Structure formats: structure tokens, C-alpha cells
RNA sequence: CGGAAAGUAGCUUAAUUUGGUAGAGCACUUGGUUCGGGACCAAGAGGUUGUGGGUUCAAAUCCCGUCUUUCCGACCA
């Protein structure tokens, strides 16, 4: 990719939003564009970071044998009326609909009804269990108040998984499996995930945990000691002490530290609540009709995207200058810069890396080196290769933007280094 | 939906209090000098001041409506 082909807008950052400086940079530099409250377009780099998040989630969910599927975004009103949730979602104003003179469709705010219909008459025997389905798809919610840029939009990308088991023990085992897959996923995204006890009030079931990432940009407050934790909202629950002890073995909340976090996922062990009410059942080995023990699990992909920017901000002299995205999600590993004299060398490096299928950006504009470095950081590219006056010909200064470390190496060593990185991140 | 603020060039904004030719910085275009951490000089282009109505000789400015956005609250991934 060449900068001259990207249609980039260069801009000096003005004063940044104090709550969400990272996403404010994206907005100021045109990497995201706002069309209305909670409505955003994504430019190339941001979009491809999102693609990477999806790939990583899929990899880990596939590894626990969950099956990827896709539900329709346009869902007939009848589907929502059949579950009895239509009236509530409409009167709450959360659900958006499109209609013509013949019929009305609901724009999927969530997918329980659709997935239930998907499982109905398909999952019929204990021989098919356990099984789980997942999808990553757009969701539409006409939130009364959008906030935090990508954190809560009217249109957002969500991962949602639904599990079906024969009994409570199997459900618990599936629950733990999915929870572990969450930790593996977020480890690869280089985000420290914290599972905290949550109020399972509206959705119900036996237990639920919110998957949080500690972030100053977060809207939630949690109590956490490095191992166990809870969302402070649980403390508003009746008999919260019993609930915490019974489901999470938390007995003393005074030892926990208060911190700000952003909720990226939520997992629920539902039990038979929905299979009973929606009447989806299977036949066990004794020819008995039994309700499924279900679980549902979500990740706000758009929020992950936002927090990846908020939590990977880099500063120079205490001034925010951009991002250094983790290599696991960076759509481009390297941003190549040269002065006029060494343009040809930069082009050679670019071609060699392209031949090795290393995703990179060449800044082939006539801007000053300083401005090019600024642009690399605004885009969040983790490595910058500088071919300028301070290194001899055929040598490249490679800067790692995360810690500002610099090393000088030959062109072929640069190529080898990025081949190794590519190998390591399995791309 | 309750409460609060704000809409002026692509962005940040001045002029609003006290009505009188809408001004600047960044970004953009052209020419020249620069070229390792957001260069400089010169010239240029860019606005029916969110929108509709009212008051007035005259409205960005005053009044009323309306739309939009942001913030606090409730809800959520």
C-alpha cells in the first residue's frame, strides 16, 4: 500500500477529548467519520483492525469446535412477536424497523429469536450434543443515548455464541470452555481480560460474568483483586452477598480494589429458562423429551476496536501523538519512510517485503520526514523504517513505536525480521 | 425520555453582551526556498453564519418554532 494511493488527510491534532482521546484522534484525522449520533464510517486501517479482531475471535472459537453461522439482519416482525419480545423492544424504542405497505422487518438488535429458530427442528437428538453456534454480525440498536464513539453506537459489530447441552454439568463445562476461549482470544489481542461477577437480572439464568478490560476510558466500575471481581452494579441486587458467595465464592468485598473498566463481553449460563419458554427440546437416550441447557455469550467487537485504540496510545514528551497497535491486530506491520535521495532504496525495500507478502505501507509523498513519522503514528503502524541521512546507504533505521526503541539493520535483515513476525502471528 | 449546553469555511474558532462590509489559524491550490521529528516566504481559492418564520432601514447578533450534535441520568456489547 502506498500513501499516495490512500487518499489520506493530514491534520494537526487539536485539543483531544479527555475521556476518549484515542477515538478523538481517529475522528480528527478522518479514520472514522461520523454521520450522526452513533453512526460511523471506517477508513481502511480501522476497518482492517476490525477484520483482524474478527479473525482472531473466529480462530479461538473454531478451536473449541463452535460452528460459525450467520443470521439474517432483516428479521420478520413475526419472529419477534413469536417470542413475545416484540412489544417490549418496540416500546423501549430500542428496535429499529423497516417497512413497506406489505410487511415489516426488524433490524436485528440481537439474535436469540433467530438462533432459536435456527436450532428448532434441527437439534432434535442427544446425539447432536453438545453443540454451539456463533456468528459475527452487525447489530442495530436505537440507543436513547449514544456515547463514547464506537463504544456505544446505533450500529455495531457483535460476536454472539449460543450453546446447547444435555444437562447442567455439561453446560457448566461448556461455559468454562467458552470462558477460556475468551481469555485466549483477548490474550492474542493483547488486552488483559478480567472476568467479574455481573447482575444476571434481565436475561436470567444461574450466573453471568462480564468480561472487562481495565481502561480509563471505561464506563463501568469494578471491584477486583487480580483474581476475583465484581461489577459494582451487583451491589444493588437484593441479597447480593448470598449471590456472590453462592455463584462466585466471593465473601469479602473489602479486599477488592476499585477501578474503571470497559465491558467487552458478557457470558451467561442460562439453564433451561429459554428452552422451556420457547419450547425447543431434544430427545434423550431414554426417548424422553428434555429442554436444552443453554448458554449465550457475546463480545462487542466494535468496543474491542475502540479500546484497542484507547489502550495503545503513545506519547512523545507527554503529548499524545498516536498509537502503536499490537502486531496481532495491526493491518500493516511497517511504515517505510525515506528522504528524496533514498527513494529508490525505499521502493526496493517495499517490493521485497511485498514479494514476501508482508503487509506494509510506503510513504511515497514529498512530505518531510518528521511529518511522515507523525502520520505513521497516527495510523498506529507498529514499526517505522527510516531511510534517511543519518544512516548509510543500504542501512535502515527501524523504530518500534511502542517503546521508541531503534535499531539499524540491512535491508535483508529487515525482510527476515518481518518474515519471522509474520510467521509468529500466523498471518 | 427527564435535565443542561452548543450549531459561523473540511477542522479549531473570532465577531453575538451593545444589530451596521463575517475575520483568523490549521488543512487545501500555485510558485520559490527547505528536507531526521508537525519547515518558511509569497500569492490564491474556500461562507446565502443548521433550518423556517418574526422584529428592524439593517440580523451571525434580538424573539419564536424546528432539526441536529454533545454532556449528566436510566439502558446496554
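Residue numbers (the working numbering): -2 to 424.
Note that CB positions come from ideal geometry on N, CA and C, so glycine has one too.
Quick caveat: nothing in here was measured; it's all calculated off a predicted structure.
Query raised in the report: Looking only at DSSP bridge pairs, what is residue 453 linked to?
Result: Since the first residue of the chain shown is -2 and the last is 424, residue 453 is not available in this structure.
Report task. Specify the secondary structure class of residue 16 as computed by DSSP and reduced to three states. Result -> Working through the first chain from its first residue, we reach residue 16 at position 19. DSSP places residue 16 in coil when its eight states are reduced to three.
Query - Backbone CA spacing between residue 233 and residue 226 [nearest angstrom] - result: For this step, residue 233 is matched to residue 236 along the first chain. For this step, residue 226 is matched to residue 229 along the first chain. Approximately 15 Å, taken between the alpha carbons.
Query raised in the report: With DSSP run on the structure shown, which of helix, strand or coil describes residue 58?
Result: Start at 1 with the first residue of the first chain, and residue 58 comes out as number 61. The answer is helix: DSSP assigns residue 58 an H, G or I state.
Requested in this report: For the segment 95 to 153, list the alpha helix (DSSP H) runs that are entirely contained and at least 4 residues long, ordered along the chain.
Outcome: 109 to 116
Query raised in the report: According to the Cβ coordinates, are residue 185 and residue 53 closer than 8 Å?
Result: Position 188 of the first chain holds residue 185. Position 56 of the first chain holds residue 53. Cβ atoms of residue 185 and residue 53: closer than 8 Å.
Query - Segment contact flag, the segment 34 to 54 with the segment 150 to 158, C-beta cutoff 8 Å, min 3 pairs - result: yes
Report task. Pick helix, strand or coil for residue 161, following the three-state DSSP scheme. Result -> As a first step, residue 161 is located in the first chain; it is residue number 164 there, counting from the start. Correct three-state label for residue 161: strand.
Query - Three CB pairs or more closer than 8 Å across the segment 217 to 225 and the segment 277 to 288 - result: no
Report task. Taking 8 Å as the threshold, find out whether the segment 245 to 254 comes into contact with the segment 81 to 96 through three or more Cβ pairs. Result -> no
Query raised in the report: How should residue 425 be labelled, buried or exposed, when 16 other C-beta atoms within 10 angstroms of its C-beta is the threshold for buried?
Result: Look at the range of the chain in this structure, -2 to 424, and you will see that residue 425 is not part of it.
Query - 3 or more residues per run - each beta strand (DSSP E) lying fully within the segment 279 to 316 - result: Here the runs fully enclosed are 286 to 288, 290 to 297 and 310 to 313.
Requested in this report: With DSSP as the reference, please indicate the residues paired to residue 73 in a beta bridge.
Outcome: Within the first chain, numbered from 1, the residue matching residue 73 stands at position 76. According to DSSP, residue 73 bridges with 102.
Requested in this report: Out of 322, 326 and 345, state which residue places its alpha-carbon closest to the alpha-carbon of residue 333.
Outcome: As a first step, residue 333 must be located in the first chain, where it is residue number 336. For residue 333, the nearest C-alpha among the options comes from 345.
**Report entry** the segment 94 to 112 / the segment 65 to 72 touching (three or more Cβ pairs under 8 Å)
**Finding:** yes
Query raised in the report: When you compare only the Cα positions, how much space is there between residue 419 and residue 99?
Result: Your numbering for residue 419 matches position 422 in the first chain. Your numbering for residue 99 matches position 102 in the first chain. Taking the straight line joining both Cα atoms gives about 52 Å.
Query raised in the report: Helix, strand or coil: how does DSSP classify residue 403 here?
Result: In the first chain, the residue the question calls residue 403 occupies position 406. Three-state result, residue 403: strand.
Report task. Indicate whether residue 288 and residue 307 have their beta-carbon atoms separated by less than 8 Å. Result -> Taking the first chain and counting its residues from 1, the one referred to as residue 288 is at position 291. Taking the first chain and counting its residues from 1, the one referred to as residue 307 is at position 310. No, these two residues do not count as a Cβ contact at 8 Å.
**Report entry** residue 157 vs residue 171 beta-carbon contact at 8 Å
**Finding:** Here residue 157 is taken as the residue at index 160 of the first chain, counted from 1. Here residue 171 is taken as the residue at index 174 of the first chain, counted from 1. Not a contact, by the Cβ cut-off of 8 Å.
Query raised in the report: What are the boundary residues of the beta strand (DSSP E) that residue 204 is part of?
Result: Here the question's residue 204 lines up with position 207 in the first chain. Bounds of the beta strand (DSSP E) holding residue 204 are 204 to 211.
**Report entry** Supposed close pair residue 175, residue 130 - CB separation, criterion 8 Å
**Finding:** Residue mapping note: residue 175 aligns to position 178 of the first chain, counting from 1. Residue mapping note: residue 130 aligns to position 133 of the first chain, counting from 1. That belief does not hold up - the Cβ atoms of residue 175 and residue 130 are roughly 12 Å apart, past 8 Å.
Report task. Could you check what DSSP says for residue 217 in three-state terms: helix, strand or coil? Result -> In the first chain, counting from the first residue as 1, residue 217 sits at position 220. Strand.
Query raised in the report: DSSP three-state call for residue 353: helix, strand or coil?
Result: The residue you call residue 353 lines up with position 356 of the first chain. Correct three-state label for residue 353: coil.
Requested in this report: Assign residue 23 to one of three DSSP states: helix, strand, or coil.
Outcome: Position 26 of the first chain, counted from the start, is the residue given in the question as residue 23. Helix at residue 23.
Query raised in the report: Alpha carbon to alpha carbon, what distance is there between residue 18 and residue 314?
Result: Taking the first residue of the first chain as 1, we reach residue 314 at position 317. Taking the first residue of the first chain as 1, we reach residue 18 at position 21. If you take the alpha carbons of residue 314 and residue 18, they lie about 16 Å apart.
Report task. Please classify residue 325: does DSSP put it in a helix, a strand, or coil? Result -> Against the first chain, residue 325 aligns to sequence position 328. DSSP, read as helix, strand or coil, puts residue 325 in coil.
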